[in-house]
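These notes concern the structure reproduced below.
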Amino acid sequence: MKLHLAPLLAVMLATPAMADKAITYIVQEDIEDVLFSLESEIIGRGLKIDNVSHVGAMLDRTAMDVGASEKIFFRAQVFSFCSATISREVMQVNPANLAYCPYTIFAYTTPDAMDTTIVGHDDYPDNEMQAVEDLLSGIVRDALALD
50 MKLHLAPLLA
60 VMLATPAMAD
70 KAITYIVQED
80 IEDVLFSLES
90 EIIGRGLKID
100 NVSHVGAMLD
110 RTAMDVGASE
120 KIFFRAQVFS
130 FCSATISREV
140 MQVNPANLAY
150 CPYTIFAYTT
160 PDAMDTTIVG
170 HDDYPDNEMQ
180 AVEDLLSGIV
190 RDALALD
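The structure is reproduced here in structure tokens:
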């Protein structure tokens with residue numbers, strides 16, 4: 050009996066995975082295309098990106114300073130932004146939800162798997178913060194055309 054794993058693998062790669070308080074999506078897409086799609090989707094929803102952290106470049110730049118020789122990422126970026134509507138909603142319920150703002154979405158590839166891009170965001174507590182998690186999941190899923 051011959052097993053065909055390609056269809057199963059395709060479903061698994063498009064399914065969110067939980068990893069240490071992060072929800073991640075694994076896609077076989079070029080990191081540049083993914084970053085462009087994420088940025089476009091965030092802006093297209095009327096949100097302003099406050100900051101783009103170039104984490105991969107920072108780690109490369111500082112590797113010698115900290116005595117590191119291993120390259121962790123081929124490319125890694127984090128988009129930081131907020132939603133005035135959803136932030137107000139969750140902070141009216143509990144002002145301490147300020148701790149979760151700004152919200153972030155990350156994307157990276159590693160040197161040993163440059164054709165695989167990991168995209169993700171925080172996994173928020175199951176309470177009023179579900180609205181934030183739904184926003185972030187919606188942005189990622191739409192940017193990656195997963196729905």
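Under my numbering, think of the first position of the sequence shown as 50, with each following residue one higher.
Ideal placement from N, C-alpha and C gives every residue a C-beta, glycine not left out.
Below 8 Å between beta carbons: does that hold for residue i and residue j?
i	j	result
Glu-90	Ala-192	yes
Glu-88	Phe-128	yes
Gly-169	Ala-71	yes
Thr-166	Val-104	no
Judging by CA-CA distance, which residue of the options is the nearest neighbour of residue i?
i	options	result
Glu-182	Ile-98, Ile-121, Phe-122 and Ile-135	Ile-135
Arg-124	Leu-84, Leu-185, Val-76 and Gln-77	Leu-84
Pro-174	Gly-105, Cys-131, Thr-159 and Ala-148	Ala-148
Thr-73	Gln-179, Ala-180 and Asp-172	Asp-172
Within 10 angstroms of the Cβ of residue i, are there 16 or more other Cβ atoms? Answer buried if so, exposed if not.
i	result
Val-189	buried
Asn-146	buried
Thr-158	buried
Which same chain residues, not among the five before or five after residue i, have their C-beta less than 7 Å away from its C-beta?
i	result
Val-60	Note that Val-60 scores a pLDDT of 41, beneath 50, so its modelled location is shaky; the value from the coordinates is reported in the next line. Once the five neighbours on either side are set aside, Val-60 has no close Cβ partner at all.
What residues in its chain sit with their C-beta under 8 Å from that of residue i, if we drop five residues either side in the sequence?
i	result
Glu-177	Glu-138, Val-139, Val-142, Asn-143 and Asn-146
Met-163	Ile-80 and Phe-123
Within the same chain, show all residues whose beta-carbon is closer than 6 Å to that of residue i, passing over the 5 residues directly before and after it, in chain order.
i	result
Ser-102	Val-127
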